[in-house]
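Enquirer:
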Amino acid sequence: MEVKKTKIFDDWLLGLKDRRVITIITANIKRISQGNMSNVKSVGEKVFEKKIYFGAGYRLYFVNKNGDLIILLCGGDKSTQEKDIKLAQKIAKEI
Numbered sequence: 001m002e003v004k005k006t007k008i009f010d011d012w013l014l015g016l017k018d019r020r021v022i023t024i025i026t027a028n029i030k031r032i033s034q035g036n037m038s039n040v041k042s043v044g045e046k047v048f049e050k051k052i053y054f055g056a057g058y059r060l061y062f063v064n065k066n067g068d069l070i071i072l073l074c075g076g077d078k079s080t081q082e083k084d085i086k087l088a089q090k091i092a093k094e095i
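Sequential numbering from 1 applies to the sequence shown in the UniProt record's numbering.
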């Protein structure tokens, strides 16, 4: 599957200070691109949340277009989950 990222997602990822976290998130993105949807659930409005069980409990929010394109909308952690879900749903409606 092809994976694209929004600017909001890229800015979030590049803003993370811990290189280990970035490496783990990047590995999870690769797994998603290979069709591995473990620890993924729908959060409504056609948006999915991928949980990463590391550190602060990171989450990736994405949409799956036609089964062959993943668009990463935004990211966050457990502490910003509600806000991040609302943002992801808003972005999903705009794309």
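No residue lacks a Cβ here, since even glycine has one placed at the ideal position from N, Cα and C.
1. For the beta strand (DSSP E) that residue 38 lies in, which residues bound it at each end?
2. For the candidate residues 50, 16, 79, 44, whose alpha-carbon lies nearest to that of residue 90?
3. Rounded to whole angstroms, what is the Cα-Cα separation between residue 1 and residue 67?
4. What does DSSP give as the partner residues of residue 48 in its beta bridges?
5. Label residue 69 either buried or exposed according to how many other C-beta atoms from any shown protein chain fall within 10 Å of its C-beta, with 16 as the threshold for buried.
6. So, with DSSP's three-state summary, where would you put residue 75?
7. Which residues share a DSSP beta bridge with residue 29?
8. With a threshold of 16 other CB atoms inside 10 Å of the CB of residue 49, please say whether the residue is buried or exposed.
Expert: Walking through what the data contain:
1. Looking at the DSSP string, residue 38 is not in any beta strand (DSSP E), and its letter there is neither H nor E.
2. 44
3. 8 Å
4. 42, 62
5. Residue burial annotation: residue 69 is exposed, with fewer than 16 other C-beta atoms found within 10 angstroms of its C-beta.
6. Three-state result, residue 75: strand.
7. For residue 29, which the question treats as bridged, DSSP gives no partner whatsoever.
8. Result: buried.
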